[in-house]
Ligand code: CP
Ligand code: NVA
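In this note's numbering, the protein residues as written are 216 to 536.
Shown next, in the form of structure tokens:
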């Protein structure tokens, strides 16, 4: 079965997640060579209500490399800005486009686009989730630890520790993605920033169980860690809480003391953009454990794999309901 939209990682079956990692590896190896163009003749639009560097550019490049046409929609020039409903917008755009990639605030907005429209919707980040980032991160780890044909299984049993805002889109996506990959997920941050209970509902609905734990102790959390991960302490939309967040998060910086508690070969990941000196020390950010730029590059290969999967089922937009 093909997913029609990709709003969160459990929208994929385990086999589909495995196929995506393998496809990302194949697309990475084949980049620049003549290959299949699964989006040939298709037009995909990007609608971004929040800033983006990596996601927007890598999706646009990815669509072009897969033979499709990428259209950037300017929120300020659309009628949604003047009160047209999401439902009507989704129905109308479905008559023109083969797929829609959306970055926005409330998660319910991408759900409504997917429900009311009839073309695939890809969640390019909401306040609640950033699934494309974690699919790409799983690929980044699997290409280090596994070999083609066994990428997903190479992640099983590995321990990732996420530091900082554990109620963020990145933390939530790691809970879901880590559970699907069979990883041990530990979230570590201030008690005021625990994962949202909605994530437990999503886990339950996907039949995944509660495969993570939350702790406030940064050194205990790191023990035997294979991966240390962090994100900004002030996400887009959280600026009003800036001062109190920076104060609360201080004990959760990934620095030499934390890294020394993990496995010697531990990898440091960050979705970027980063603020070295805040959530991660300069030394760790620029040091030998850090693979953040390989990680950023892999957004392109992983997103091409997602586009190719969803693009296969996209049909010519027409008046079919
Ligand atoms: N990691 C990530 O999604 O980066 P952008 O906000 O630049 O897209
Ligand atoms: N948590 C961050 C992720 C940025 C890619 C934010 O939402 O701003």
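Glycine residues also receive a C-beta, built at the ideal position from the N, C-alpha and C atoms.
Asked	Found
Is residue 316 helix, strand or coil by DSSP?	strand
Which two residues bound the contiguous beta strand (DSSP E) that contains residue 338?	336 to 338
Residue 513: beta carbon under 6 angstroms from a heavy atom of the ligand NVA?	no
What's the call for residue 480, buried or exposed, on a 16-neighbour Cβ count within 10 Å?	exposed
I need the boundaries of the beta strand (DSSP E) containing residue 374, first residue and last residue.	374 to 378
To the nearest angstrom, how far is the alpha carbon of residue 355 from that of residue 510?	6 angstroms
Should residue 319 be listed as close to the ligand FAD, given that the test is whether its C-beta is under 6 angstroms from any heavy atom?	Ligands in the displayed structure: the ligand CP and the ligand NVA; the ligand FAD is not one of them.
Just curious, the beta strand (DSSP E) that residue 287 is in, first and last residue?	284 to 288
Which first and last residues belong to the alpha helix (DSSP H) in which residue 438 is found?	No alpha helix (DSSP H) holds residue 438; DSSP gives it neither H nor E.
Hey, could you find the ends of the alpha helix (DSSP H) residue 416 is sitting in?	412 to 420
For residue 517, which residues from the same chain have a beta carbon less than 6 angstroms from its beta carbon, with the 5 sequence-adjacent residues on both sides left out?	239, 350, 351 and 354
For residue 513, count the other beta carbons within 10 Å of its own beta carbon; 16 or more makes it buried, fewer makes it exposed. Which is it?	buried
How close, in whole Å, do the beta carbons of residue 537 and residue 466 come, if the pair is a contact with beta carbons under 8 angstroms?	An answer regarding residue 537 cannot be provided, because it is not within the stretch 216 to 536 covered by the chain.
Ordered along the chain, which non-local residues of its own chain (more than five positions away) have a Cβ less than 6 angstroms from that of residue 460?	448 and 449
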